[in-house]
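Position one of the sequence shown corresponds to residue 1 (my numbering), numbered consecutively onward.
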Amino acid sequence: MTPLIVAEFLGIVSFALSGFYIATKKQLDLLGICIGALLTALGGGIVRDMIVGIYPTSLVSVLPMTIVLAVVVLLVLFKFHKQPTYERKLFFVVIDAIGLVSFSIAGALLATEHGFAISGVILLAFITAIGGGIFRDILLNVVPYVLVGGFYGAVSIVVGVAVYALDALNMLHIISLSVLFVFAIALRLVAFWYRWKLPIPR
1 MTPLIVAEFL GIVSFALSGF YIATKKQLDL LGICIGALLT ALGGGIVRDM IVGIYPTSLV
61 SVLPMTIVLA VVVLLVLFKF HKQPTYERKL FFVVIDAIGL VSFSIAGALL ATEHGFAISG
121 VILLAFITAI GGGIFRDILL NVVPYVLVGG FYGAVSIVVG VAVYALDALN MLHIISLSVL
181 FVFAIALRLV AFWYRWKLPI PR
């Protein structure tokens, strides 16, 4: 199994969980929860694949959508939707960070495979990680979290730059990607814990 596939599946599972929690917070019905989870987990990847010029994986394979729906079913069966609050719980923050970093790496890897310049690598990392959440938030009529979430989107940009640099130095392998994965998750958790925010023009 290639690093790209591993990152893709990690991101799908993590963002399916994230989408489920946010949809249940908005008190959506079961169909709404499924749509929220699907958009969060697969939306960014679909846009990424269209930019690259390939058929979206989630539309030509039943596995991605099956994974998302299986996650939703399991969470409902174990009554995770009855959790009162979760935004600041360590479990939710870690799961969301794993999805963010996994999809950022997956998008950046696909961009390097297609010979994209650094701007393209960063853009695909960002879109893959953030796109699904933006679709979900627009559907729920709220300001997309990436626009107000402080250091959230910046982590994706850092990952894109790092993957491009590793590829340029011929150091793009499972060990370097694993180190980047752990570093980026730690960066997101530290940013969350200390409430880091990007400056707002006054």
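A virtual CB, placed ideally from N, CA and C, is assigned to each residue, including glycine.
- If only uninterrupted alpha helix (DSSP H) runs of at least 4 residues are considered, those enclosed by the region 91-162 are 118-139, 145-148.
- The shortest CA-to-CA distance from Ile-200 to any of Gly-150, Arg-188, Glu-113 is the one to Gly-150.
- Ser-156 is not a Cβ neighbour of Ser-102, given a cutoff of 7 Å.
- Looking only at Ser-178, Ile-54, Ala-111, Tyr-145, the smallest Cα-Cα distance to Gly-19 is reached by Tyr-145.
- Inclusion of Leu-4 and Leu-109 in the CB contact set at 7 Å is warranted, their separation being smaller than that value.
- The way I'd put it, the region 160-173 doesn't touch the region 57-76; fewer than three beta-carbon pairs between them come closer than 8 Å.
- In the structure shown, Asp-49 falls within a helical segment according to DSSP collapsed to helix, strand and coil.
- Between Leu-139 and Val-71, the beta carbon gap of about 19 Å keeps them out of contact (Cβ cut-off 8 Å).
- Collapsing the DSSP output to three states places Lys-79 in coil.
- Here Val-62 carries a coil assignment [DSSP, helix/strand/coil].
- The beta carbons of Arg-48 and Gly-107 sit closer together than 7 Å.
- Annotated three-state conformation of Leu-42 is helix, per DSSP.
- Look at Arg-195 here: in three-state DSSP terms it is coil, with no helix or strand label.
- Counting along the chain, the unbroken alpha helix (DSSP H) around Thr-24 starts and ends at 3-25.
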